[in-house]
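Numbering of the sequence shown is given in this note's numbering, commencing with residue 9 and proceeding in unit increments. A virtual CB, placed ideally from N, CA and C, is assigned to each residue, including glycine. Small disclaimer: the values here were computed from a predicted structure and weren't measured.
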Amino acid sequence: MTAQTPPTPPFRDRRLPFAKRIDDLLSRLTLDEKIAFLHQFAPAVERLGIDAFRTGQEALHGVAWMGPATVFPQAIGLGATWNTELVRRVGEAVSKETRAMRARDDRVGLNVWSPTVNLLRHPLWGRNEEGYSEDPKLTSAIATAYTRGLRGDHPTYWRTAPVLKHWLAHNNETGRDVTSSSVRPRVLHEYDLRAFRETVEAGATAGVMPAYNLVNGRPNHVSPYLREYLRTWTDEELLVCSDAGAPSNLVDSEHYFDTHEEATAAALLAGVDSFTDHGTDSSKITARVRGAFDKGLLTESDIDTAVRRQLSVRFRLGEFDPEYDPHALTKDFDTPAHRALAQEAAEQSVVLLKNSAGLLPLAPDTRIAVVGLLADECKLDWYSGTLIHRSTPLEGLYERFGAERVEFAEGVDRVRLKTSAGTFLHVPEADADVEVRGAEGALDPALLAGRTDLPPLTTDPVGTEFALVDWGEGVLTLRAPDGRYLSVADDGRVRASADQPGGWVVQETFRLEPHENGHLLRHIGTGRHVSVAADGARVAAANPETFQLIVVESGEDAVTRVTAQADVVVVVAGNDPHIHGRETEDRPTLRLPGHQERLLRAARAANPNTVLALVSAYPYAVDHAALPALLWMSHGGQAAGTALARVLAGDVSPAGRLPQTWYAADSDLPDLLDYDVIGSRQTYLYFEGTPLFPFGHGLSYAAFSYADLATRATDDALHVSFTVTNTGDVPADEVAQLYTRAVDPTVPRPRRELVAHSRVRLAPGERTELSFEVPLSSFDFWDVARGAWRREPGPYEVLAGASSEDVRLRSTVILDGEASAPRPVLRRGLDAADFDEQSGVAIVDRTRTAGDAVTPAQGRSGELVYRDCDFEGGVTAVTATLSGDGAVEVSLDGGAVLAVLTSQAGDGASPYDYVTKRAEIIAEGVRDVHLRLRGPVRLAHVGFSG
């Protein structure tokens, strides 16, 4: 007899829709198996033939952490291209390399945690390099393009499954897991949610990752916004993956819950579906989920909901239909096309900020002195892959102009470190192989340890000459002549062992601290000083060595030596992505580090034809008055040097545009934790000062004229067209930008707001017509009086031009809308967070699960204003829903205090123990309500009755 073939289970039947297949698979999984799926590293279920799966593969500008891969420009550089089709192709290349790498290394995941769509609200944010723009429209356009490339074009199966980071209002590394972003409703809807919403609605997003911070007093990992907003924007099952360690933070650092079972249950109920915690060890998370289930905090249905979302992604990735997965055989890795695309992306990201007297482009026979700390560097950041190919600005200029026409000086200070015994620090010879950090890949590169196979530093009568760089604020690196940086490994020894500064805790930075007649050398990573003993140098808690710093040659002298005889000097300055401004560390200032300022001054003094090329992850405030030319590019990946050289030579006309405002000074910036972009006038949308360079700025080697602006309104859109002509004598790209502005708004509105853009290539004399369809919803604002979107009727300006400030054409259109109406306070009262204006107030959580309240910042006093409150025929009483200790003073139109409502918390009271207080008040007609909060009181709601 022949054994019968067992029937194919429905979850393996590709003829069925995914939803039915997932239903079947869920029914076959045990509770313990489903709970195990909730950790980042979901185990295999061998009895059902289901493979192990992990969420999370970093792929911000190339496949990261898993060894060699094509490295594209940083995300901020991709944003600077303003080219959605280019960015889509970059996403496509990254997803193909992800597939190709997974075919040979199953540690590579297909659920990619990219892109980052946090808005670049504040340029001192340490992770500025990871975002695309300060503007929600540009951010969503670039993010949508990248996710479409990552997803692929197949209607059923996705090449990779992108997850957007980091939900929500996350722009500070300082105290990032304990600070709360106070986000008023207008900022929430008009700014922070918009970039996520438009990207999710585009349909190529598999999920989101909540951020470490709190918003309005509530951790993002238990945010009701996941349910109230995110999941309403699409019919797809979205997978919400926690950030690493964040589930434990709910108890350990944020103290938002008393137990991990409560915290894990709350996160899962809020919408977190995959818990990234404790690395590959899933036991703690699964025990917490099981504990929550056993205590009745979770039901099996709750667990099924989260598992269903993960399975939905796995089915879309073709895991259960391997023979039909169109991406399974993808082998595109480090192809000529990917290399060319990396160069194209780098070239398109270069922004020409200034070019007075036409110094650029450089003639072919120009004698160039290239100087600066980044002139011979191709820097990587935390989310880079390992370089296969490498091009520095110096190498690019050598290749383009010929080595015989290029002189180079790095501009480091050449120093020796003399000990108290009269000897000098010395790097012993070593035969160890050259090793590049992360070359083999790591699921968690934060765990990579420093090298211990090299001998520690010793001393001798001559010593080693080190290259010293001061990266600002006294943070130094010291590099040996063979290019290796001084670093400290787990054994505390000081070695010349690192190819670059890096690591989760950077082990290659030091400070020189004045001490007696010399300096102590403090290692920043450990906080300990360097000591010297017979067995070599180490960091230790006792017996620090006092060093004398012997300067053999200053960086300025080296720069002066090579610049005087050159036709043009190119100073390449900027940042190291692992120092001053990175994940875990915000930037201290907009200023260029003093060491690099000195080099720039030396170059200008020796040769006025000085070009400053900034290669950085963020804007700088630089004095460019004496500079004839200035460019900026992000760390541009593997082809950065070639791209910069081709732009300097005129092979490519620069057409990158600034994706964020460049401010002139630190004094132009609000506090890093001030998230009220409206009230504190942040970003180009509201900033009223004079920027160093405005949003959207960027020059060209060509010139462009704009003409023929036409507008036509329909029921749901404004149709806008105009022409752009290349009036220059070289082919070039232009980025045409379309902005709108409410002419006579009743509430503060943006000075101008980007609604569309187009990057077009035009030959000399070529003219093209650009047409845009702008949804009328683009003119809406969030009306706090109604708790809904509203468009005011009246005039709106339509502005077309080359930047937010370089407006070439303008027209006014009259749009219909809903007229403003007074707040119906008798019927609705006032939700405290729905203010029109505030001073000294923070928004906090009304309860742990939903709602907002307000409280004075730092528990002192604050003021709230609610405009146009309609008391109709009159009221005689006011009530306030309060908790904590303090008082609320009520006045009208800024006049005398008419009522005081006081709250006094009892012993052991929770901040969520609200009481309703009542006082008499006489008011009628339409008035502005002013509330002054005194003391650590929470106000949730104010009501009126008559």
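Start-to-end residues for the beta strand (DSSP E) that takes in residue i
| i | result |
| --- | --- |
| residue 741 | 740–750 |
| residue 568 | Premise fails: residue 568 lies in the alpha helix (DSSP H), 563–571, not in any beta strand (DSSP E). |
| residue 949 | 945–953 |
| residue 26 | It is not in any beta strand (DSSP E) - residue 26 instead sits in the alpha helix (DSSP H) that spans 26–36. |
| residue 541 | 537–541 |
| residue 803 | 802–809 |
| residue 936 | 934–942 |
| residue 478 | 474–478 |
| residue 520 | 518–523 |
Proximity winner among the options, relative to residue i (alpha-carbon distances)
| i | options | result |
| --- | --- | --- |
| residue 370 | 324, 656, 843 | 656 |
| residue 936 | 899, 59, 943, 946 | 899 |
| residue 601 | 647, 622, 31 | 622 |
| residue 301 | 218, 271, 679, 693 | 271 |
| residue 612 | 565, 346, 228 | 565 |
| residue 857 | 148, 234, 524 | 234 |
| residue 390 | 307, 783, 509, 430 | 509 |
| residue 297 | 695, 518, 482, 43 | 43 |
| residue 73 | 670, 388, 22 | 388 |
| residue 674 | 628, 84, 703 | 628 |
| residue 65 | 34, 109, 57 | 109 |
| residue 730 | 807, 750, 872 | 807 |
| residue 838 | 878, 51, 865 | 878 |
| residue 138 | 274, 325, 182, 85 | 85 |
| residue 771 | 732, 934, 232 | 732 |
| residue 130 | 19, 342, 181, 614 | 181 |
| residue 144 | 873, 922, 764 | 764 |
| residue 701 | 671, 133, 488 | 671 |
| residue 82 | 679, 946, 640 | 640 |
Residue i - DSSP class collapsed to helix/strand/coil
| i | result |
| --- | --- |
| residue 318 | helix |
| residue 109 | helix |
| residue 434 | strand |
| residue 312 | helix |
| residue 423 | strand |
| residue 359 | strand |
| residue 87 | helix |
| residue 686 | coil |
| residue 76 | strand |
| residue 632 | coil |
| residue 650 | helix |
| residue 344 | helix |
| residue 492 | coil |
| residue 620 | strand |
Segment limits, alpha helix (DSSP H) that includes residue i
| i | result |
| --- | --- |
| residue 149 | 144–159 |
| residue 692 | 691–694 |
| residue 376 | Careful: residue 376 lies outside any alpha helix (DSSP H), inside the beta strand (DSSP E) at 376–379. |
| residue 65 | Element bounds for residue 65: n/a, residue is neither H nor E. |
| residue 603 | 602–614 |
| residue 302 | 291–302 |
| residue 836 | 833–836 |
| residue 680 | That residue, residue 680, is in no alpha helix (DSSP H); it is neither H nor E in DSSP. |
Close Cβ partners of residue i (< 6 Å) along its chain, the five nearest in sequence each way excluded
| i | result |
| --- | --- |
| residue 501 | 464, 546 |
| residue 854 | 860, 861, 948 |
| residue 151 | 123, 125, 207 |
| residue 889 | 922, 924, 948, 949 |
| residue 820 | 803, 805 |
Nonlocal neighbours in the same chain, by C-beta distance under 7 Å from residue i, ignoring five residues either side
| i | result |
| --- | --- |
| residue 682 | 688 |
| residue 697 | 676 |
| residue 356 | 89, 91, 94, 663, 664 |
| residue 476 | 420, 421, 423, 484, 486 |
Other residues of its chain near residue i: CB distance less than 8 Å, five sequence neighbours each side excluded
| i | result |
| --- | --- |
| residue 39 | 301, 308, 311 |
| residue 376 | 370, 405, 409, 413, 414, 415, 574, 575, 576, 577, 578 |
| residue 779 | 727, 728, 729 |
Sequence ranges, beta strand (DSSP E) only - wholly within the stretch 702–788, length at least 3: 712–721, 725–734, 740–750, 761–770, 775–783
Runs of alpha helix (DSSP H) wholly within the stretch 195–282 (minimum 4 residues, chain order): 201–209, 233–236, 254–260, 268–278
Start-end ranges of the beta strand (DSSP E) lying completely within the stretch 840–913, minimum 3 residues: 845–847, 849–853, 860–864, 869–878, 883–892, 894–900, 905–911
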